[in-house]
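My numbering puts the first residue of the sequence shown at 194, with every later residue one more than the last. Positions of the beta carbon are idealized from the N, C-alpha and C atoms, including for glycine. Everything below concerns the one structure shown next.
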Amino acid sequence: MSTRLLFFICLLATAAVPCAQAQELKRSGTFLVALDIGHSPKTPGAYSARGVPEYEFNKRMTRLIAADLRQQPGVSVLVVNESGREIPILERGDVANRAKADLFLSVHHDSVNERYKVTRLLEGRMARLSEKFHGYSVFFSDKNAQPGPSFEFAKQLGRAMREQGMVPTAHHAEKIPGEGRDFVVPQHGVYRFNDLLVLKRARMPAVLLECGVIVHPEEEAELNTPERQRKIVTAVREAVLAMRAL
Ligand SMILES: [Zn+2]
């Protein structure tokens, strides 16, 4: 396709998919993975034990995952919200739908219920933190258009995270307000969470990954290491390649 024609198509295309990304998607025949950086600069999600917004963890991890997946033959990547603009939850799925992505992964870092947090001094500042829970979680929704493949993607990712030596956390299954999720594959950290909007809206198999608990001071420190980040990147790559092979 000529550059000029592509330019006009880009002008006509929705503003939600920037032109550079649209050009990348022109590589036909590739397995397109949509990556969603959880939250946004203005609504950044949880705060870590050291006071760092979750969004910053999500952005860093998504970029590492994207860079790795782009090295895989036959795989292309769309970062749904690369620019950091404010984007409603439902629109994230829409961006992936319009791009006809084959998989959708929303990247998050976890917190715990307020009842488990304490206020204490950490490295010279007063911090809200918890040492009660640590570990990763993987969520899928039966209300996604493809519940079976979504569950499969969640299982592949949960197993790959475990095989990389990370441990799942069970705290989202606790029967308290705000938790009580259906812990479907406990040994691999896989939960059913039907009303997660970002997963419901996507028409392709979709999963949300909580990479680890950032309100836990030691797990936060570990999540900042290249070793832990490499394990997560490897697990995502293995799960994506397993889904592509189906
Ligand atoms: Zn989050």
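{"Asked": "As assigned by DSSP and simplified to three states, the class of Phe386", "Found": "coil"}
{"Asked": "From Leu389, Pro266, Ala366, residue whose alpha carbon lies closest to that of Val378", "Found": "Ala366"}
{"Asked": "Sequence-distant residues of its chain with Cβ nearer than 8 Å to Lys424 (five each side left out)", "Found": "Met354, Gln357, Gly358, Met359"}
{"Asked": "Contacting residues, own chain, Cβ-Cβ under 6 Å from Ser241 (five flanking each side not counted)", "Found": "Ile407, Glu413"}
{"Asked": "Candidates Lys368, Gln349, Glu345, His364, of which the one nearest Arg427 by Cα", "Found": "According to the sequence displayed, residue 427 carries Thr and not Arg. Ranking the options by Cα distance to Thr427, first place goes to Gln349."}
{"Asked": "Separation of Leu416 from Arg256, as counted between CA atoms", "Found": "14 Å"}
{"Asked": "8 Å CB neighbourhood of Asp388 in its chain, flanking five on each side removed", "Found": "Ser334, Lys336"}
{"Asked": "Beta-carbon spacing of Val391, Arg285 below 7 Å", "Found": "yes"}
{"Asked": "Closer than 6 Å: Gly231 CB and nearest ligand 1 heavy atom", "Found": "yes"}
{"Asked": "Same chain, Cβ closer than 7 Å to Asp375, five either side skipped, listed in chain order", "Found": "Tyr384, Arg385"}
{"Asked": "Short Cβ contact (7 Å threshold) for Met397 with Phe297", "Found": "yes"}
{"Asked": "As assigned by DSSP and simplified to three states, the class of Ala215", "Found": "The predicted model places Ala215 with a pLDDT of 48, which falls under 50 and marks its position as unreliable; any figure quoted below should be read in that light. Helix."}
{"Asked": "DSSP three-state assignment for Met254, whether helix, strand or coil", "Found": "helix"}
{"Asked": "Spatial distance of Glu279 from His232 (CA atoms)", "Found": "9 Å"}
{"Asked": "7 Å CB neighbourhood of Glu307 in its chain, flanking five on each side removed", "Found": "none"}
{"Asked": "N- and C-terminal bounds of the alpha helix (DSSP H) containing Leu350", "Found": "340-356"}
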